[in-house]
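Mapped onto our numbering, the consecutive letters of the sequence shown carry residue numbers 14 to 363.
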Amino acid sequence: MIKQLKPKSHKIAILAEGSFGVLESKTATVLVRYLSDNVVAVIDSTKADKDVGDVIGIGRGIPIVRNLADAMQFQPTMLSIGIAPPGGELPAAWRVIIREAICSGLHIMSGLHHFLSENTEFSELAAKHNVVLWDARKPPDNLPVATCKAADVDAAVILTVGSDCRVGKMLSGIEITNAARERGLNAEFCPTGQNGIMVWGWGIAIDAVVSDFTAGAAEQIVLEGAKNHDLLIVEGQGSLVHPGYSGVTLSLLHGSMPDAMIFCHQPSRQEVARYTVPLPSLPEMITQYEMLAAPIKPAKVIGLALNCFDLTEKEAQDAIATAEDETGLPATDVVRFGSEKLVVAIQKGC
Numbered sequence: 014m015i016k017q018l019k020p021k022s023h024k025i026a027i028l029a030e031g032s033f034g035v036l037e038s039k040t041a042t043v044l045v046r047y048l049s050d051n052v053v054a055v056i057d058s059t060k061a062d063k064d065v066g067d068v069i070g071i072g073r074g075i076p077i078v079r080n081l082a083d084a085m086q087f088q089p090t091m092l093s094i095g096i097a098p099p100g101g102e103l104p105a106a107w108r109v110i111i112r113e114a115i116c117s118g119l120h121i122m123s124g125l126h127h128f129l130s131e132n133t134e135f136s137e138l139a140a141k142h143n144v145v146l147w148d149a150r151k152p153p154d155n156l157p158v159a160t161c162k163a164a165d166v167d168a169a170v171i172l173t174v175g176s177d178c179r180v181g182k183m184l185s186g187i188e189i190t191n192a193a194r195e196r197g198l199n200a201e202f203c204p205t206g207q208n209g210i211m212v213w214g215w216g217i218a219i220d221a222v223v224s225d226f227t228a229g230a231a232e233q234i235v236l237e238g239a240k241n242h243d244l245l246i247v248e249g250q251g252s253l254v255h256p257g258y259s260g261v262t263l264s265l266l267h268g269s270m271p272d273a274m275i276f277c278h279q280p281s282r283q284e285v286a287r288y289t290v291p292l293p294s295l296p297e298m299i300t301q302y303e304m305l306a307a308p309i310k311p312a313k314v315i316g317l318a319l320n321c322f323d324l325t326e327k328e329a330q331d332a333i334a335t336a337e338d339e340t341g342l343p344a345t346d347v348v349r350f351g352s353e354k355l356v357v358a359i360q361k362g363c
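Pasting the structure below:
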């Protein structure tokens, strides 16, 4: 029901026209980080002829090209939309590129709220050229209201939670999953957002689900992952103190019914992004998550994943030490220093 295309079986050209960058094109950056062997080119005429690694610091050797015709020289089999346009609507110029890609036989992977498969022109053209329009954000039909079935799975369930949006819940989940597998654990990452789905190839984008069924969607993800795995790392969304996205955060907490949580945080961030809401202290935020989990299924935060991308290495090490002192929990930056501490914490705590 929630299986999707497998991007790892494709050669991918990424459309990031006019916006390719670390913060400007999150989807593109995530695909380059985790599917670098599959990405053959990035389309952005404003940065054409540069190397991807020179722009975002990863993906060295992947070219940035001017248009789809230039990207086709690298024989892609899929076009992925790598940025979210303002207002969520597809610009006219993008429509032309998507039509060209379909006519060239490329499957289309999109994480937009605007579903390409529901566009009559695109769907008819896709049928004619035998290609798939994969809307990674489109939820499955007939999702249930949560029934607490996630409590009955044999697998250990770990939920990544956090202080705010875009602090690394998805990235930390993937890094922990990969590190756990390296230690021989039968682990699976359970995506709940479009970028995680586009990397991992399955999941449900919780933010596209009607609110009554978001916890049920989280439950379905856990039930699916537990069929063949002993350890599930469920991708969190939003934050309990986020004015806009706290609802989806709580739905994931109650729907997935985790055995434990990993708390994600950017040490340099003092307020909720784009709001003037001050962030509580780390111990306060951890207590909030544990308190709200307790009535449904008690779960403790057992480790911290800190996003120190904007700090020097010494500043990052100091921030980690401070967080460990404040909370008494193991902490790390999973990109800079690896996920070993957190995998050990999971093994001890579950």
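Note that beta-carbon positions come from the ideal geometry of N, C-alpha and C, so glycine has one too.
Which residues bound the alpha helix (DSSP H) around residue i?
i: Gly238; result: 227–238
i: Ile69; result: 65–69
i: Cys277; result: Run containing Cys277: none in the alpha helix (DSSP H); it sits in the beta strand (DSSP E), 273–278.
Using 8 Å for Cβ pairs, my map puts residue i next to residue j. What's the rounded Cβ distance?
i: Ser123; j: Ala149; result: 7 Å
i: Leu44; j: Val247; result: Actually they are not in contact, since the Cβ atoms of Leu44 and Val247 sit about 21 Å apart, beyond 8 Å.
i: Leu92; j: Ile69; result: At roughly 19 Å, the Cβ-Cβ gap does not stay under 8 Å, so Leu92 and Ile69 are not in contact.
If you drop the 5 nearest sequence neighbours on each side, which residues of the same chain put their C-beta closer than 8 Å to that of residue i?
i: Arg349; result: Cys321, Glu326, Ala329
i: Glu137; result: none
i: Leu324; result: Pro280, Ser281, Ala332
Could you pull out every residue in the same chain whose Cβ sits closer than 6 Å to the Cβ of residue i, ignoring the five residues on either side in sequence?
i: Ala54; result: Ala26, Pro76, Val78, Ala84, Phe87
i: Ala192; result: Ser352, Val356
i: Trp147; result: Leu18, Met122
i: Asp167; result: none
So what does DSSP say about residue i, is it helix, strand or coil?
i: Ala286; result: coil
i: Ser93; result: strand
i: Lys151; result: coil
i: Cys161; result: coil
i: Val45; result: helix
i: Asp83; result: helix
i: Phe350; result: helix
i: Cys203; result: strand
i: His267; result: helix
i: Ser123; result: strand
i: Leu10; result: Residue numbering for the chain in the displayed model covers 14 to 363; residue 10 lies beyond these limits and cannot be assessed.
i: Ile309; result: coil
i: Leu28; result: strand
i: Thr325; result: coil
Would a check of beta-carbon distances place residue i closer than 8 Å to chain B?
i: Ala82; result: Among the protein chains of the structure shown there is no chain B, as only one such chain exists.
Could you tell me the boundaries of the beta strand (DSSP E) in which residue i lies?
i: Lys313; result: 313–319
i: Ala54; result: 52–56
For residue i, which residues in the same chain have their Cβ closer than 7 Å to its Cβ, ignoring the five residues on either side in sequence?
i: Pro291; result: Gln283, Glu284
i: Gly216; result: Ile15, Cys203, Pro204, Thr205, Gly209, Ile210, Ile234
Just to check, is the beta-carbon of residue i closer than 7 Å to a non-hydrogen atom of the ligand NAD?
i: Ala231; result: Inclusion of the ligand NAD in the displayed structure is not the case, the ligand content being empty and no account of it being possible.
Legend entry - Sufficient close CB pairs (3 or more, under 8 Å) joining the segment 281–299 to the segment 243–259: At 8 Å Cβ cutoff, the stretches touch.
Legend entry - Three-pair Cβ contact test at 8 Å for the segment 265–276 versus the segment 301–317: Counting C-beta pairs with one atom in each stretch, the segment 265–276 and the segment 301–317 have three or more that are closer than 8 Å, which means they touch.
Legend entry - Stretch-stretch touch, CB-based, cutoff 8 Å, three pairs: the segment 142–156 with the segment 219–239: Yes, the segment 142–156 touches the segment 219–239.
Legend entry - Cβ pair count under 8 Å reaching 3, the segment 254–264 against the segment 281–296: Counting Cβ pairs under 8 Å, three or more are found: they touch.
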